[in-house]
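Residue numbers (the working numbering): 399 to 871.
So, in structure tokens, the structure goes:
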């Protein structure tokens with residue numbers, strides 16, 4: 399049995415499917431047919447030539463070119479960087495160019511590019527009028543120039559001179575002898591002013607004072623001040639026909655001398671009056687006070703009596719009788735107390751007063767007094783067998799004699815030991831020991847001396863002792 403002939407292959411166009419698509423019933427091979435062949439690979443593309451980099455471009459022009467300052471030989475200008483700077487070419491620097499007014503011959507004043515946005519155009523002729531422009535430079539070339547519109551006159555900008563005196567120099571400037579003077583006074587003016595100094599209307603002595611002047615201030619320097627350096631100093635700054643002046647008063651002070659004289663004006667009681675005169679040398683400043691001291695002749699030690707005292711006389715009080723005193727005085731100013739003092743030549747003695755004492759005759763006082771009871775006897779009651787006491791107090795001078803009586807009968811403790819009589823310091827005591835029922839009655843205490851006698855009495859009740867007996871049924 400012969401094999402069946404193979405089926406004809408379908409056309410390639412009909413069997414090919416798009417890449418990534420699922421075959422449908424129309425495109426799928428029929429049952430029993432061989433699968434379609436894969437499509438042929440496309441031919442490789444030729445590589446493209448690389449894109450050439452863009453050509454370097456210059457920046458935009460610099461911005462806001464202005465004149466910052468100028469003088470007779472130079473002009474200082476400033477500007478801002480360009481607004482647009484290409485990223486590929488950047489900014490290398492600036493060239494500053496000038497030309498005189500009326501010409502077009504621009505010349506660069508900086509040999510090398512400057513990266514700063516400020517430049518000083520030097521070595522110019524006073525009175526020239528310059529046109530100035532700035533060009534930004536990079537690998538792309540020069541930018542458009544930024545030009546100052548108006549010509550610039552090469553000349554110092556004039557300003558009236560002015561002395562700017564510090565506030566602390568507007569009042570008297572005080573220093574002590576030997577101290578350093580270093581005064582800095584600022585000033586202003588254009589062109590630079592000519593500075594000069596005078597002392598009391600005369601030029602300064604260069605051996606005593608040094609002047610150091612800069613563009614902005616002038617310094618007056620004295621290494622060691624002396625009193626001769628005191629006075630009025632005048633600083634003058636001058637520009638052409640304009641000038642300004644400032645005066646300062648410098649005062650050099652030192653310790654004062656002692657008071658010129660001192661004397662003891664008067665001595666009375668415990669007081670001394672002193673008078674003195676002001677010192678001949680006040681140390682080139684006013685005297686602010688005096689210090690007064692005293693010394694006792696016995697000890698010689700000095701003690702302050704008055705300090706910062708402003709008068710030329712004083713009264714010294716509360717001195718000790720019998721002592722002899724010497725006084726001295728120091729002058730005082732802003733520097734302190736004088737090194738020397740003025741001392742009294744005479745001494746002040748506080749004399750002891752003679753007192754004629756006549757004592758009054760002594761009159762002896764009569765202390766005699768008749769007896770008197772200050773505390774009288776009080777009625778009492780007691781119980782049989784229990785001791786009791788009767789008390790009273792008496793005074794009198796001479797000391798009164800004490801006597802006790804019972805029912806007008808005198809008691810004697812020597813005869814009857816039942817009674818004990820004590821009299822101490824004016825306190826009179828009668829102790830009745832274990833009284834019986836017959837010891838009750840009227841008791842009297844009598845006090846008697848040369849000036850009289852006095853009695854005090856009381857009643858004593860002696861109660862029976864009651865014993866209750868309870869019978870038990």
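Heads up, the beta-carbon is just placed ideally off N, CA and C, and yes, glycines get one too.
- Taking C-alpha positions only, residue 864 is separated from residue 834 by approximately 14 Å.
- Residue range 786 to 795 is occupied by the beta strand (DSSP E) that includes residue 790.
- When the Cα atoms are used, residue 663 and residue 742 turn out to be separated by approximately 11 Å.
- Look at the region 517 to 604 and you find these whole runs of beta strand (DSSP E), each 3 residues long or longer: 527 to 536, 557 to 561, 571 to 574, 579 to 588, 592 to 597.
- Note on geometry: alpha-carbon atoms of residue 616 and residue 715 lie some 58 Å from one another.
- Between residue 457 and residue 536, the gap from beta carbon to beta carbon is short of 8 Å.
- Between the beta-carbon of residue 673 and that of residue 689 there is about 16 Å, and that puts the pair past the 8 Å contact cut.
- DSSP places residue 642 within a strand segment (E or B) once states are collapsed to three.
- The beta-carbon separation of residue 745 and residue 724, rounded to 6 Å, stays under the 8 Å limit for a contact.
- Residue 488 and residue 559 have their C-alpha atoms some 47 Å from each other.
- Distance from residue 597 to residue 576 at the Cβ level is roughly 19 Å; contact not present, criterion being Cβ atoms closer than 8 Å.
- Per the C-alpha coordinates, the member of 565, 757, 784, 612 positioned closest to residue 829 is 784.
- Residue 707 has its alpha-carbon roughly 21 Å from the corresponding atom of residue 651.
- In this structure, residue 541 and residue 534 form a Cβ contact; the two beta carbons are roughly 4 Å apart against a cut-off of 8 Å.
- When DSSP reads this structure, residue 501 sits in no beta bridge, so it has no partner.
- A direct Cα-Cα distance of roughly 25 Å separates residue 774 from residue 815.
- For residue 769, the enclosing beta strand (DSSP E) has its first and last residue at 767 to 773.
- At a Cβ-Cβ threshold of 8 Å, residue 766 and residue 849 count as neighbours.
- Taking a cut-off of 8 Å on C-beta distances, the region 518 to 535 does not touch the region 602 to 609, as fewer than three cross pairs fall below it.
- Looking at 520, 720, 480, the one whose alpha-carbon comes closest to that of residue 666 is 720.
- Inter-residue distance for residue 464 and residue 524 is about 20 Å (C-alpha atoms, whole angstroms).
- Residue 574 has its alpha-carbon roughly 19 Å from the corresponding atom of residue 687.
- The secondary-structure analysis by DSSP pairs residue 661 across a beta bridge with 673.
- Distance from the CA of residue 494 to the CA of residue 570, rounded to the nearest whole angstrom, comes to 54 Å.
- Separation of residue 776 and residue 842 (C-alpha to C-alpha, rounded to the nearest whole angstrom) is 11 Å.
- In this structure, DSSP gives residue 818 an extended state, which the three-state scheme calls strand.
- Using a 10 angstroms sphere on the CB of residue 840, the tally of other CB atoms stays under 16, which defines it as exposed.
- If you ignore the 5 residues before and after residue 683, its C-beta comes within less than 6 Å of the C-beta of 651, 731, 732, all in its own chain and listed in chain order.
- Following the DSSP letters along the chain, one finds residue 729 inside the beta strand (DSSP E) bounded by residues 722 to 731.
- Pairing residue 484 with residue 538, the inter-Cα distance amounts to about 9 Å.
- For residue 625, the secondary structure class from DSSP, reduced to helix, strand or coil, is helix.
- The secondary-structure analysis by DSSP pairs residue 684 with nothing; it has no beta-bridge partner.
- Comparing C-alpha distances from residue 549 to each of 711, 475, 586 shows the shortest one belongs to 475.
- Counting only the Cα atoms, residue 659 lies some 10 Å from residue 678.
- Taking 8 Å as the cut-off, the beta carbon of residue 591 is found closer than this to the beta carbon of residue 637.
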